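Each position in the sequence shown, counted from 1, maps to that position plus 1 in the working numbering.
Using N, Cα and C, we set each Cβ at its ideal position, and we do this for glycine too.
Please read all numbers here as calculations on a predicted model, not as lab measurements.
Okay, so here's the structure we're looking at.
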Amino acid sequence: MKALVFGGAGQLGRALQRAAGDEWQVDALGRSECDITDAAATTAAIANSGADVVINAAAYTAVDKAESEPALAQAINSDAPGVMAAACAASGKLFVHISTDFVFGSGHDTPIATDAPPSPLSIYGATKLAGERAVQAAMPGALIIRTSWVYAAQGANFVLTMLRLMKERDALGVVADQVGSPTAAHDLAQAVLALAAQKARGIYHFTNEGICSWHEFAVAIAEQGQAAGLLTQIPVINAIPTSAYPTPAARPAYSVLEKEATWTALGAPARHWRDALHETLWEITNNG
């Protein structure tokens, strides 16, 4: 099968290219190859691709910056996916759109089902929800995959930020009252391709297994990072409340996604986030 990937230079876009294997031919477009805010260029890229599947791994993910750039977040997260879905519907291609736990907000304390009422707390979450709805309106048979806390060995993400700060500081504070599930981009990429190969439709959730706070995630990064040779010593990692680290955009306190339908479709649950983190940290070590 042939896939066209938007957001090819991002951490998921790169992971999709690495995960493709012999069953997939992947053409990945970054911003320099196609500006997805240009509807005509995006439509033409899809029409000329010869792809069976179009995967939108592009997004405006600067959660706090989106509060001051709502129009740009809207163009990338909402308008562009709608254009992609319409182009795919017109040409008979499967469209896969990657969304986020941030479409949900407060009031949850058990894993959130795919049909739970959305209630985004931020511009980022609202524009991602609008993107989902634009996709569904243009192509009811599209595949939407929500995920959370994505990281990789390259790019801008929590794991790499923590490693940098842990090398620079003797102590740091990390929020302990926001809970979710970290997701390795490689594991997400494999799931995206597997669901696309099955021609899955509707909304699915995917993260690695397990639940933690950002503080627990940071402690694991420190301990495993030292074992992988990335840190010579572990700084003091203080657990702090969200109120002690105010940000322009509000974050959900609980954003664990329910994934039973995904595990059924894939034939097994994803591996635990600690195992995925271990592999990613050793990838960073081996790649210098």
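**OP:** Mind checking which residues open and close the beta strand (DSSP E) that includes Gln26?
**Re:** Locating residue 26 in the sequence shown gives position 25, where the first residue counts as 1. Run containing Gln26: 26-30, per the beta strand (DSSP E) assignment.
Subject >> Cβ contact check for the region 222-237 and the region 187-203: 3 or more pairs under 8 Å >> reply: no
Original post:
Which residue spans inside the region 72-141 form an unbroken alpha helix (DSSP H) run of at least 4?
Top reply: 81-92, 124-139
Original post:
Of the choices Asp276, Leu173, Leu130, whose alpha-carbon is the least far from that of Phe103?
Top reply: To locate residue 103, count along the sequence shown from 1; it is residue 102. Of the candidates Asp276, Leu173, Leu130, the one whose C-alpha sits nearest the C-alpha of Phe103 is Leu130.
Subject >> Secondary structure, beta strand (DSSP E): runs of 3+ residues fully inside the region 192-230 >> reply: 203-206
**OP:** Could you tell me whether the Cβ of Gln75 comes closer than 8 Å to any Cβ of chain C?
**Re:** The chain labelled as chain C is not found in the depicted structure, where only one protein chain is given.
Original post:
Terminal residues of the continuous alpha helix (DSSP H) containing Ala266?
Top reply: Locating residue 266 in the sequence shown gives position 265, counting from the first residue. It spans 261-267 - the alpha helix (DSSP H) in which Ala266 sits, taken as one unbroken run.
**OP:** Go through its chain and collect everything with a Cβ distance to Val136's Cβ below 6 Å, but skip five positions before and after it.
**Re:** By 1-based counting over the sequence shown, the position of residue 136 is 135. Cβ within range, chain order: Pro82, Ala86, His98, Ala143.
**OP:** Would you list the residues sitting across from Val55 in a DSSP beta bridge?
**Re:** As a first step, residue 55 must be located in the sequence shown, where it is residue number 54. Answer by DSSP bridge pairing, in chain order: Leu5, Phe96.
**OP:** Have a look at Gly8, Val220, Lys260 and flag the residue whose alpha-carbon is nearest the alpha-carbon of Tyr205.
**Re:** Counting from one through the sequence shown, the residue named residue 205 turns up at place 204. Of the listed residues, the one whose Cα sits closest to Tyr205 is Lys260.
Original post:
Do you know how far the Cα of Ala185 is from the Cα of Asp276?
Top reply: As a first step, residue 276 must be located in the sequence shown, where it is residue number 275. As a first step, residue 185 must be located in the sequence shown, where it is residue number 184. Distance between the alpha carbons of Asp276 and Ala185 is about 10 Å.
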